[in-house]
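Student: Start counting at 1 in the sequence shown, then tack on 448, and there's your number in our numbering.
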Amino acid sequence: MHHEHPLAYLIGIEGIALLRAFTGRHDRDFTAARLAEVRRLLDDESLAHAGVDVDPVGPVEGYRVWSRTYDQPGNGAFALDEPVVGELLDALPAGDALDAACGTGRYARMLADRGHRVVGVDSSPDMLARARTRVPEGRFMLGDLGRLPVGDAAVDLVTCGLALTHVPALGPVFAEFARVLRPGGRLVVADVHPESVGRGSIPSHRGPDGRARRVASYQHLVGDYLRAALPAGLQVRRCEEPLLPVRGEGAAAAEEPGPWELWPWSLAGLVPDAARAAGDGVPALLVWQFER
449 MHHEHPLAYL IGIEGIALLR AFTGRHDRDF TAARLAEVRR LLDDESLAHA GVDVDPVGPV
509 EGYRVWSRTY DQPGNGAFAL DEPVVGELLD ALPAGDALDA ACGTGRYARM LADRGHRVVG
569 VDSSPDMLAR ARTRVPEGRF MLGDLGRLPV GDAAVDLVTC GLALTHVPAL GPVFAEFARV
629 LRPGGRLVVA DVHPESVGRG SIPSHRGPDG RARRVASYQH LVGDYLRAAL PAGLQVRRCE
689 EPLLPVRGEG AAAAEEPGPW ELWPWSLAGL VPDAARAAGD GVPALLVWQF ER
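Following this line, the structure appears as structure tokens:
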């Protein structure tokens, strides 16, 4: 269990904004405004006792609950990864494709629409049920990223979307990707950027008892992907870092922190100027293309 306190998050955002001012990105007035805002936040009694105890939960259990709402509008990551992944897929010939950690079949649908023969693998039966409905022409199997139920050199293309952040070690997973790919095959991976994980971009939900839960997530550095991929014989062909959406200048501050399920994004609305400065130019996702 860990403790999430809105004041801690807000002071952290102010601190990042102040560091950026310290290194020359903002002026004296901005710095003075941030320091005054920090004092106001510290004196705000409504925030003083608003912390929440949060339990970790494994991906299978977490996505069992999240599968019910996963495809509903509001997941901003979809608007960031799908254009880049779609562009990468458009440049590849149709063939045998594996969507690893396929979830509800977002990428599997993209693959099938481009003429690929699709196999999907996921550890969540609930996600797989939705993928089968979404991509009826695909073949879907229960399985783990560390031991894919696919033969050696069986596919021309592997995709994996927003899943590796839940894997503690990348090496075994990339070794599996390399094993199932044919020579010259491609791997397209989109994942939550370590900068974004470090700022709280971790799936959340309430358990049956109403307790707050977050799906166990890991902050893999950019170099961690290379240290996993290169020894497996996978060569980098492209890397993109879609940026976090940033509030427009002059946005009005929110009056309430919002429900815990919307943290930390609703919290940022309490300090829009600091949040905009802290988030400017920060990547949200990491998208790779590798070749076997």
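For every residue, glycine included, the Cβ atom is placed at its ideal position computed from N, Cα and C.
Buried or exposed: where does Val500 fall if 16 or more other Cβ atoms within 10 Å of its Cβ makes it buried?
Tutor: Classification of Val500: exposed, given that the 10 Å Cβ count is below 16.
Student: Near Ser571, which residues of its chain fall below 6 Å by C-beta distance, leaving aside the five closest residues on each side in sequence?
Tutor: Within the same chain, Ser571 has close Cβ partners Val508 and Asp592.
Student: Tell me, please, which residues DSSP counts as bridged to Gly568.
Tutor: Per DSSP, Asp547 and Phe588.
Student: Starting from Arg595, follow its DSSP beta bridges and name the residues at the other end.
Tutor: According to DSSP, which records beta bridges pairwise, Arg595 is partnered with Asp592.
Student: Straight-line CA distance for Thr607 to Ala545?
Tutor: The straight-line gap from Cα to Cα measures roughly 8 Å.
Student: Does Thr552 pass the burial test, meaning 16 or more other C-beta atoms within 10 Å, or should it be called exposed?
Tutor: The residue in question, Thr552, is buried, as its Cβ has 16 or more Cβ neighbours within 10 Å.
Student: Cβ of Pro712 within 7 Å of Cβ of Tyr457?
Tutor: Cβ atoms of Pro712 and Tyr457: closer than 7 Å.
Student: Which residue's Cα is closest to the Cα of Glu493: Gly586, Glu704, Val583 and Trp736?
Tutor: The shortest C-alpha separation from Glu493 is found at Glu704.
Student: Determine the extent of the alpha helix (DSSP H) in which Trp713 is found, giving its start and end residues.
Tutor: Trp713 to Ala716 is the extent of the alpha helix (DSSP H) around Trp713.
Student: Taking all protein chains shown into account, do 16 or more other C-beta atoms lie within 10 angstroms of the C-beta of Gln737, making it buried, or fewer, making it exposed?
Tutor: That one is buried.
Student: Quick one: give me the first and last residue of the beta strand (DSSP E) that Pro731 is part of.
Tutor: First-last for Pro731: undefined, no H or E at that position.
Student: Just grab the DSSP bridge partners of Gly736 for me.
Tutor: The sequence given here places Trp at residue 736; Gly does not occur at that position. Answer by DSSP bridge pairing, in chain order: Val637 and Cys687.
Student: Return the first residue and the last residue of the alpha helix (DSSP H) that Gly609 is part of.
Tutor: No alpha helix (DSSP H) holds Gly609; the beta strand (DSSP E) holding it covers Val603 to Gly609.
Student: Is Arg497 helix, strand or coil by DSSP?
Tutor: Note on identity: in this sequence residue 497 is His, with Arg being the wrong assignment. Correct three-state label for His497: coil.
Student: Hey, how far is the Cα of Cys687 from the Cα of Leu669?
Tutor: Approximately 14 Å between the Cα atoms of the pair.
Student: May I ask you to report which of helix, strand or coil DSSP gives Gly628?
Tutor: At residue 628 the sequence reads Val, which differs from the Gly that was named. Three-state DSSP puts Val628 in a helix.
Student: Could you pull the start and end residues of the alpha helix (DSSP H) that Ser644 belongs to?
Tutor: Run containing Ser644: Pro642 to Gly646, per the alpha helix (DSSP H) assignment.
Student: My assumption, with CB atoms under 8 Å, is that Phe588 sits in contact with Arg595. Please give the rounded CB distance.
Tutor: Actually they do not touch by this definition, with Cβ atoms about 16 Å apart.
Student: Whole angstroms is fine: what's the gap from Pro584's alpha carbon to Glu624's?
Tutor: Looking at the two C-alpha atoms, the distance is approximately 26 Å.
Student: Which residues in the same chain have their Cβ closer than 7 Å to the Cβ of Leu466, if we skip the five residues on either side of it in sequence?
Tutor: Counting only Cβ-Cβ distances below 7 Å, and skipping sequence neighbours, we find Thr479 and Arg482.
Student: Tell me the start and end of each unbroken beta strand (DSSP E) in the stretch 452 to 514 that is at least 3 residues and wholly inside, in chain order.
Tutor: Taking only runs of at least 3 residues, the beta strand (DSSP E) segments lying wholly in the stretch 452 to 514 are 500 to 505.
Student: Checking 7 Å against the spacing of the C-beta atoms, do Gly646 and Gln667 come in under that value?
Tutor: Yes; because the gap between Cβ atoms is below 7 Å, this pair is in contact.
Student: From the DSSP output, in three-state form, read off Ala527 for me.
Tutor: Residue state, collapsed to three classes: helix.
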